[in-house]
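Engineer: Residue numbers (our numbering): -15 to 236.
Structure provided below as structure tokens; questions to follow.
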Amino acid sequence: TLLHFPLADGTWLCDPPRVRRGKDGGGVAEALLRAAAREASARSVPLLRLHLEEGEARLEDPLRDAGWTHAAEMQRLARPVGKIDGERDGGADAPLAWETRAPDRPGDLLEILRRTQEDSLDVPALAPADTATLAFFAPAPPAEAVWEVARVAPARVVGDPGGCLLATVHRAQGTAEIRYMGLVKTARGRGWGAALVRRALRHARAALAVEISVTADLRNLPAIRTYARALFRPVSRFGLWLHRTGVGELES
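Below is the structure:
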């Protein structure tokens, strides 16, 4: 079997195919993957994602044979939200001013998000021009979105954006998640990524979350180092596999 789940941006997240181990297990897995791609194409779904967890390397060949691409190796990290002695809060050391964005009134958030993905080390295969959407990051109720634009203050140019933070709070579970954070090219290399992390921690504490998590491309060493300095610890990793059907457009 192979299950798929429609996402808010019009793409599908597929489970790895579940087949009995045996002589032709790889062939069955490949057939299931191809069938999912055909069904997605027939329904004008532009992109399929699949997370291949550790220990499932046997499915790599069927994925490649079915036309999927290994886009990135992703690291899950997490840390307790509780304040650490000596930890600075609120990003006071970075000249950033924060503007809240609601999912139904995002303003220029999508444009800024795409600017932060230019020449980014975070899953380069997901190019800003065709795959960066806000719908992908919008949480389903009762989870709450915490979306903010960080602007350089004082701005060198009126309205000069520094980056953005898209987080999700799960109050019932007592957890929070950094779904995305990034800086525009002119704001990188200044240590401001740490300010985005501290901002996310501040929101998590305000929501009484006990743990916050994030997922990052292992090739994005600046991000990995930023999270490590903020006391995030590795939890698990997975391979991100993509299949483009060549039809349809992602919803913004």
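Built from N, CA and C at the ideal position, the CB exists for glycine as well.
For residue 190, does the three-state DSSP call read helix, strand or coil?
Structural biologist: Residue state, collapsed to three classes: helix.
Engineer: So is residue 81 buried or exposed if we call it buried at 16+ other beta carbons inside 10 Å?
Structural biologist: Answer is exposed; the Cβ neighbour count stays below 16.
Engineer: How would you write the range of the beta strand (DSSP E) that residue 53 sits in, first residue to last?
Structural biologist: Unbroken beta strand (DSSP E) run through residue 53: 53 to 64.
Engineer: By how many angstroms is the C-alpha of residue 160 removed from the C-alpha of residue 148?
Structural biologist: Answer to the nearest angstrom: the Cα atoms are 17 Å apart.
Engineer: Suppose the cutoff is 6 Å on Cβ atoms and the five residues either side in sequence are ignored; what does the same chain contact list for residue 18 look like?
Structural biologist: Closer than 6 Å at Cβ, skipping near neighbours: 50.
Engineer: Between residue 52 and residue 226, how many whole angstroms is the CB-CB distance? I'm expecting something under 8 Å.
Structural biologist: Confirmed, about 7 Å.
Engineer: According to DSSP, is residue 216 part of a helix, a strand, or is it coil?
Structural biologist: Coil.
Engineer: Using the beta-carbon count (16 or more within 10 Å), is residue 157 buried or exposed?
Structural biologist: It counts as exposed.
Engineer: Go to residue 98, then tell me how far its alpha helix (DSSP H) extends in each direction, as first and last residue.
Structural biologist: Start and end: 93 to 100.
Engineer: Looking only at its own chain, which residues have a Cβ that is under 7 Å from the Cβ of residue 83, when we skip the five neighbours before and after it?
Structural biologist: 132, 133 and 135, listed in sequence order.
Engineer: Taking the alpha carbon of residue 39 as the reference point, which residue from 0, 189 and 32 has its own alpha carbon closest?
Structural biologist: The residue with the shortest Cα to Cα distance from residue 39 is 0.
Engineer: Can you tell me whether residue 64 is buried or exposed? The criterion is at least 16 other CB atoms within 10 Å of its CB, across all chains shown.
Structural biologist: Its Cβ having fewer than 16 others within 10 Å, residue 64 is exposed.
Engineer: Look up residue 197 in the DSSP assignment and give the residues it is bridged to.
Structural biologist: Paired residue(s): 62 and 161.
Engineer: Given a threshold of 16 other Cβ atoms within 10 Å of its Cβ, counted over all protein chains shown, does residue 114 qualify as buried or as exposed?
Structural biologist: Reliability of the predicted coordinates at residue 114 is poor, the pLDDT of 46 falling under 50, and the value obtained from them is presented with this limitation in mind. Residue 114 comes out exposed.
Engineer: Select from -6, -10, 86 and 102 the residue whose C-alpha is nearest the C-alpha of residue 168.
Structural biologist: Answer by Cα proximity: 102.
Engineer: Rounded to whole angstroms, what's the CA-CA distance from residue 43 to residue 27? Just pull it up for me.
Structural biologist: Answer to the nearest angstrom: the Cα atoms are 25 Å apart.
Engineer: Would you grab the beta carbon distance between residue 171 and residue 152 for me? Rounded to a whole angstrom, and I think it's under 8 Å.
Structural biologist: Wrong, their Cβ atoms sit about 23 Å apart, outside the cutoff.
Engineer: Closest to residue 108 by CA distance: which of 62, 196, 58 and 121 is it?
Structural biologist: Nearest C-alpha to residue 108: 58.
Engineer: Hey, would you say residue 124 sits closer than 8 Å to residue 87, going by beta carbons?
Structural biologist: No; because the gap between Cβ atoms is not below 8 Å, this pair is not in contact.
Engineer: List the endpoints of the continuous alpha helix (DSSP H) containing residue 44.
Structural biologist: Segment 44 to 49, the alpha helix (DSSP H) holding residue 44.
Engineer: Taking buried to mean at least 16 other C-beta atoms within 10 Å of its own C-beta, is residue 72 buried or exposed?
Structural biologist: Because residue 72 carries a pLDDT of 49, less than 50, the predicted location of this residue cannot be relied on, and no value is offered for it.
Engineer: Pick out whichever of 118, 104, 105 and 79 has its Cα sitting closest to the Cα of residue 90.
Structural biologist: When only C-alpha atoms are compared, the closest one is 118.
Engineer: Mind checking who residue 131 pairs with in its DSSP beta bridge?
Structural biologist: Answer is 85 and 150.
Engineer: Between which residues of its own chain and residue 47 is the CB-CB distance below 6 Å, once the five residues before and five after are set aside?
Structural biologist: If we look at residue 47 and ignore the five residues flanking it on each side, its Cβ neighbours are 225.
Engineer: Scan the segment -14 to 32 and note each continuous beta strand (DSSP E) run of 3 residues or more that stays entirely inside, going in chain order.
Structural biologist: Segments of the beta strand (DSSP E) lying fully in the segment -14 to 32: -12 to -10 and -4 to -2.
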